[in-house]
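Peer 1: Going by UniProt numbering, the first residue of the sequence shown is number 1, and it counts up by one from there.
Please read through the structure below; I'll follow up with questions.
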Amino acid sequence: VYMQRTCELEEELRRANAVRAQLEAHKRQVQELHSKHGEEALKAEKWQFEYKNLKEKFEALVKEKERLIEEREALREANEELRCAQVQQKFLNQADAILEDISSPMDNLAAEIMPAELKETIVRLQHENKMLCAQEVSYRQQQAELQGLLEESNRSKNQLEAQQRLSQQQISELKAQVDELQRTLQEQGSKAEDSSLLKKKLEEHLEKLHEAHAELQKKKECLDELEPKVDSNTARKIDELQQTLKKKDEDMRAMEERYKRYMDKACTVIKKLDPKQQPHVVPLEIQALKNQLQEKDKKISHLESDFEKTKSQQEQEEKLIITAWYNMGLTLHQRATEKRSSNPPTVQSFLAQQRLATNTRRGHLSRTQPLLL
Numbered sequence: 001v002y003m004q005r006t007c008e009l010e011e012e013l014r015r016a017n018a019v020r021a022q023l024e025a026h027k028r029q030v031q032e033l034h035s036k037h038g039e040e041a042l043k044a045e046k047w048q049f050e051y052k053n054l055k056e057k058f059e060a061l062v063k064e065k066e067r068l069i070e071e072r073e074a075l076r077e078a079n080e081e082l083r084c085a086q087v088q089q090k091f092l093n094q095a096d097a098i099l100e101d102i103s104s105p106m107d108n109l110a111a112e113i114m115p116a117e118l119k120e121t122i123v124r125l126q127h128e129n130k131m132l133c134a135q136e137v138s139y140r141q142q143q144a145e146l147q148g149l150l151e152e153s154n155r156s157k158n159q160l161e162a163q164q165r166l167s168q169q170q171i172s173e174l175k176a177q178v179d180e181l182q183r184t185l186q187e188q189g190s191k192a193e194d195s196s197l198l199k200k201k202l203e204e205h206l207e208k209l210h211e212a213h214a215e216l217q218k219k220k221e222c223l224d225e226l227e228p229k230v231d232s233n234t235a236r237k238i239d240e241l242q243q244t245l246k247k248k249d250e251d252m253r254a255m256e257e258r259y260k261r262y263m264d265k266a267c268t269v270i271k272k273l274d275p276k277q278q279p280h281v282v283p284l285e286i287q288a289l290k291n292q293l294q295e296k297d298k299k300i301s302h303l304e305s306d307f308e309k310t311k312s313q314q315e316q317e318e319k320l321i322i323t324a325w326y327n328m329g330l331t332l333h334q335r336a337t338e339k340r341s342s343n344p345p346t347v348q349s350f351l352a353q354q355r356l357a358t359n360t361r362r363g364h365l366s367r368t369q370p371l372l373l
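See below:
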């Protein structure tokens with residue numbers, strides 16, 4: 001029975017060692033998979049951020065394309081107006097050539113004055129156009145700088161969110177490891193209780209063996225005391241009994257040696273399974289895990305504070321951008337109103353001046369035709 005019990009215990013130990021090896025291998029695989037999952041999550045976050053940036057750039061390009069199309073249409077209209085003005089100017093030049101011999105000196109003076117005014121207006125408009133182009137370039141540069149700041153803030157925000165997710169995953173993994181360690185401690189406690197029960201049973205069996213040996217010795221002493229009283233016939237029986245007793249003693253010694261061996265094996269098993277023999281391993285692991293949890297909590301709090309700081313910075317940047325755009329619009333509106341107020345009311349547009357010139361020349365033609373007739 002004891003041999004079977006010890007064999008069963010050895011088999012259970014082998015199975016437990018095999019299961020422990022499998023558990024360690026599975027834990028390593030799980031850790032590798034978690035690390036791979038974290039790397040893939042970071043890659044996915046990076047690709048998503050790049051996709052957002054490309055989408056924003058695409059939308060900006062589409063808006064720029066629409067603006068260029070509108071500018072092209074406006075330039076076409078302006079080109080058509082200029083062509084009409086050139087055709088009109090050609091007809092007027094032809095009419096001026098016809099009327100050179102007939103026109104009065106006052107008409108010649110008006111014809112000389114009009115091109116000078118046109119030149120002044122053209123030069124003034126070109127200067128204003130250059131100033132507006134320079135302002136537009138500066139505003140575009142400011143817009144590009146602000147857009148870069150926004151992209152950097154968004155990038156840092158996404159990185160912080162990814163790090164926060166990974167830290168949360170690591171916290172959950174560490175909690176799972178702590179739970180597993182607690183379970184293993186409970187299992188080891190149950191195994192230690194089983195080993196203590198086996199130890200008690202072995203001690204009881206050894207006590208029984210010692211008691212049986214003591215009883216045999218007492219019987220032997222009784223036989224020795226009875227030896228002078230017996231006859232020669234009984235001497236043989238006594239010798240036979242002594243031989244049987246010797247055999248039994250030898251058997252008992254062999255049994256004691258076997259039990260001692262089994263006891264040594266059981267002690268080794270108990271030392272391996274008893275958590276009191278290794279009190280410094282598990283608490284150190286738990287303390288290390290607790291320290292890791294505290295470090296992770298500190299990192300999470302630090303990341304949350306950084307995230308709040310970046311969020312406040314982003315809000316301030318957005319407010320600054322809005323105020324800059326508002327101030328820019330106000331300055332442009334004020335400049336336009338100042339220019340309008342500074343220009344005299346008698347100054348007319350290019351098309352209005354052309355219309356006045358055509359009307360005056362038509363009046364001159366109507367007055368000169370009856371003279372020719």
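Here a beta-carbon is modelled for each residue, glycine too, at the ideal position from N, C-alpha and C.
Nothing here was measured: the structure is a model prediction, and the numbers come from that model.
Would you tell me roughly how many angstroms separate the C-alpha atoms of Tyr139 and Lys298, rounded to the nearest one?
Peer 2: Within the sequence shown, the letter at position 139 stands for residue 139. Within the sequence shown, the letter at position 298 stands for residue 298. Between Tyr139 and Lys298, the C-alpha separation is close to 44 angstroms.
Peer 1: In chain order, what residues of the same chain lie with their CB nearer than 8 angstroms to the CB of Ile69, ignoring the 5 residues before and after it?
Peer 2: For the purposes of this step, residue 69 is taken as residue 69 along the sequence shown, with counting starting at 1. None.
Peer 1: Examine the Cβ distances between the stretch 154-169 and the stretch 297-316 and report whether three or more of them are shorter than 8 angstroms.
Peer 2: Judged by Cβ distances under 8 angstroms, the stretch 154-169 makes contact with the stretch 297-316, as three or more pairs qualify.
Peer 1: Around the C-beta of Thr6, are 16 or more other C-beta atoms found within 10 angstroms, so that it is buried, or is it exposed?
Peer 2: Sequence index remark: in the sequence shown, residue 6 carries index 6 (1-based). The residue in question, Thr6, is buried, as its Cβ has 16 or more Cβ neighbours within 10 Å.
Peer 1: Looking only at its chain, what residues have a beta carbon closer than 7 angstroms to the beta carbon of Val30, apart from the 5 residues adjacent to it on each side?
Peer 2: Reading the sequence shown from its first residue, position 30 is the one you call residue 30. Answer for Val30: no residue qualifies.
Peer 1: CB-CB under 8 angstroms to Asn291, same chain, minus the five flanking residues each way: which ones, in chain order?
Peer 2: On the sequence shown, residue 291 is found 291 positions in, with the first residue counted as 1. Once the five neighbours on either side are set aside, Asn291 has no close Cβ partner at all.
Peer 1: Taking the straight line between their C-alpha atoms, what separation do you get for Asp306 and Glu152?
Peer 2: What you label residue 306 is simply residue 306 of the sequence shown in a count that begins at 1. What you label residue 152 is simply residue 152 of the sequence shown in a count that begins at 1. So the two alpha carbons sit approximately 15 angstroms from each other.
Peer 1: Express the C-alpha separation of Thr323 and Gln287 in angstroms, rounding to a whole number.
Peer 2: Translated into the one-based positions of the sequence shown, residue 287 becomes position 287. Translated into the one-based positions of the sequence shown, residue 323 becomes position 323. Rounded to the nearest angstrom, the two C-alpha atoms are 54 angstroms apart.
Peer 1: State yes or no: is the C-beta of Leu42 within less than 8 angstroms of the C-beta of Glu317?
Peer 2: The residue you call residue 42 lines up with position 42 of the sequence shown. The residue you call residue 317 lines up with position 317 of the sequence shown. In this structure, Glu317 does not lie closer than 8 angstroms to Leu42 by Cβ.
Peer 1: State the CB to CB distance for the pair Gln168 and Gly38, rounded to an integer number of angstroms; the pair is presumed to be in contact (CB under 8 angstroms).
Peer 2: The sequence position of residue 168 within the sequence shown is 168, counting from 1. The sequence position of residue 38 within the sequence shown is 38, counting from 1. Rounded, the Cβ-Cβ distance is 11 angstroms, inconsistent with contact.
Peer 1: For Arg155 versus Phe58, is the C-beta spacing smaller than 8 angstroms?
Peer 2: Within the sequence shown, the letter at position 155 stands for residue 155. Within the sequence shown, the letter at position 58 stands for residue 58. The answer is no: Cβ separation not under 8 angstroms.
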